[in-house]
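The block underneath contains the structure these notes are about, expressed in structure tokens.
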Amino acid sequence: MKIYDTKTAPTPRRVRIFLAEKGIDMEYVQVDLQSGQNLSKEMRAKNPLGKIPILELDGGTCISESDAICQYFEALQPEPTLFGETPLEKGTIAMWQRQVEFALFMQVGMCFQHTTGYFKDRMKPIKEYGIEAGINASKFLRVLDRRLQNSEFIAGDQFSIADITAVCAIDFARVIDVRIGEDQTALQAWYERQNLRPSMKA
Ligand SMILES: N[C@@H](CCC(=O)N[C@@H](CS)C(=O)NCC(=O)O)C(=O)O
């Protein structure tokens, strides 16, 4: 099996970190997003949306969507669990994962795409929308800071997929100049703790 990946993009990094946490080796095939290699007929046959990451199994079956790829590997190899074990853990982790994804990760991505015009060959950037998305991302950092004042990890007392998604969003947010605020000490301390994990280099 192999994963179509782009080393500099934030979404496939989520999967690389997840697999590193699980200790699963993978073959990664680099795709050049800027030149539109992901939009080729061959790549669209693997994912009609033309986005990466894509997991391609040995028989040719493809699974796209970073969360779906991670869930596939969680089912294949449950330990260490990153989506939770008990119903309460699973529900809480799924809740935070979705909130981090929609209120932070996607906002950062929309701000990047709509203010820089990086993909202007394939979409219409709307600057005001991008600026608003950046503001939304900053606001959610405040939510995370409050949460982490009383919680070791985003979804509770164990490291999870929600922490991975948040680290990838925060690291990529540098390109749009959205950063952890100086007063957000709980979020900063959590961020530093996560960066000590060897998987974060993946
Ligand atoms: N919801 C998808 C998002 C995938 C996505 O947007 N990937 C970006 C890279 S971070 C991409 O392939 N962009 C290429 C393009 O838009 O042309 C996931 O979680 O996998």
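Quick note, my numbering runs 33 ahead of the 1-based positions in the sequence shown.
Note that the Cβ used here is the ideal one computed from N, Cα and C, for glycine as well.
As the structure is a prediction and not an experimental result, all values here were calculated from the model.
- Those runs of the beta strand (DSSP E) which lie wholly inside the region 131-166 and span at least 3 residues: none
- Message: Suppose only complete runs of 4+ residues qualify. What are the alpha helix (DSSP H) ranges in the region 71-142, listed by chain order?
- Response: 74-79, 99-109 and 120-133
- Query: Comparing the CB of Glu118 with every heavy atom of ligand 1, is any distance shorter than 6 angstroms?
  - Reply: Here residue 118 refers to the residue found at position 85 when the sequence shown is read from its first residue. Glu118: no, Cβ never under 6 angstroms from ligand 1.
- Just checking my contact of Ser171 with Glu54 at CB under 8 angstroms: how many whole Å lie between their CB atoms? The residue labelled residue 171 in the question sits at position 138 within the sequence shown. The residue labelled residue 54 in the question sits at position 21 within the sequence shown. The Cβ separation is near 28 angstroms, so there is no contact.
- Task: State the start and end residues of the unbroken beta strand (DSSP E) segment that holds Asp38.
- Result: Position 5 of the sequence shown, counted from the start, is the residue given in the question as residue 38. From DSSP, the beta strand (DSSP E) with Asp38 extends over Lys35 to Asp38.
- Task: Using a threshold of 7 angstroms, state whether the C-beta atoms of Ala20 and Val133 are closer than that.
- Result: Residue 20 lies beyond the stretch modelled for the chain, which goes from 34 to 235, so this question has no answer here.
- Query: Cβ of Leu66 within 6 angstroms of any heavy atom in ligand 1?
  - Reply: Here residue 66 corresponds to residue number 33 of the sequence shown, with the count starting at 1. Yes, ligand 1 has a heavy atom inside 6 angstroms of this Cβ.
- Query: How close, in whole Å, do the beta carbons of Leu137 and Ala222 come, if the pair is a contact with beta carbons under 8 angstroms?
  - Reply: On the sequence shown, residue 137 is found 104 positions in, with the first residue counted as 1. On the sequence shown, residue 222 is found 189 positions in, with the first residue counted as 1. With 8 angstroms as the limit, Leu137 and Ala222 do not qualify as a contact, their Cβ atoms being about 18 angstroms apart.
- What three-state label does DSSP hand Val200 in the structure shown? The residue given as residue 200 occupies position 167 in the sequence shown. The answer is helix: DSSP assigns Val200 an H, G or I state.
- Message: Output needed for Gly83: all residues of its chain with C-beta closer than 7 angstroms, excluding positions within five of it in sequence on either side, in chain order.
- Response: Translated into the one-based positions of the sequence shown, residue 83 becomes position 50. Around Gly83: Asn71, Leu72, Met76 and Arg77.
- For Lys160, collect the residues of the same chain with a Cβ closer than 8 angstroms to its Cβ; drop the 5 residues on either side in sequence, then sort them by chain order. For the purposes of this step, residue 160 is taken as the residue at position 127 of the sequence shown. Once the five neighbours on either side are set aside, the close Cβ partners of Lys160 are His147 and Thr148.
- Message: Starting from Glu225, trace the alpha helix (DSSP H) in both directions and tell me its first and last residue.
- Response: One-based indexing of the sequence shown puts residue 225 at position 192. Counting along the chain, the alpha helix (DSSP H) containing Glu225 begins and ends at Thr218 to Asn228.
- Item | Distance between beta carbons of Thr125 and Gly189, contact taken as under 8 angstroms | Taking the first residue of the sequence shown as 1, we reach residue 189 at position 156. Taking the first residue of the sequence shown as 1, we reach residue 125 at position 92. The Cβ separation is near 6 angstroms, so the contact holds.
- DSSP bridge partner residues for Phe186 (one or two, in chain order): The count along the sequence shown starts at 1 and reaches residue 186 at position 153. Paired residues: Gly189.
- Query: Is any heavy atom of ligand 1 found at a distance shorter than 6 angstroms from the C-beta of Asn183?
  - Reply: To locate residue 183, count along the sequence shown from 1; it is residue 150. False, no ligand heavy atom lies under 6 angstroms from that Cβ.
- Look up Val211 in the DSSP assignment and say whether it is helix, strand or coil. The residue labelled residue 211 in the question sits at position 178 within the sequence shown. Looking at Val211 - three-state DSSP - the assignment turns out to be coil, as it is neither helix nor strand.
- Task: Could you tell me whether the Cβ atoms of Pro111 and Ile85 are closer together than 7 angstroms?
- Result: Mapped onto the sequence shown, residue 111 falls at position 78. Mapped onto the sequence shown, residue 85 falls at position 52. No, these two residues do not count as a Cβ contact at 7 angstroms.
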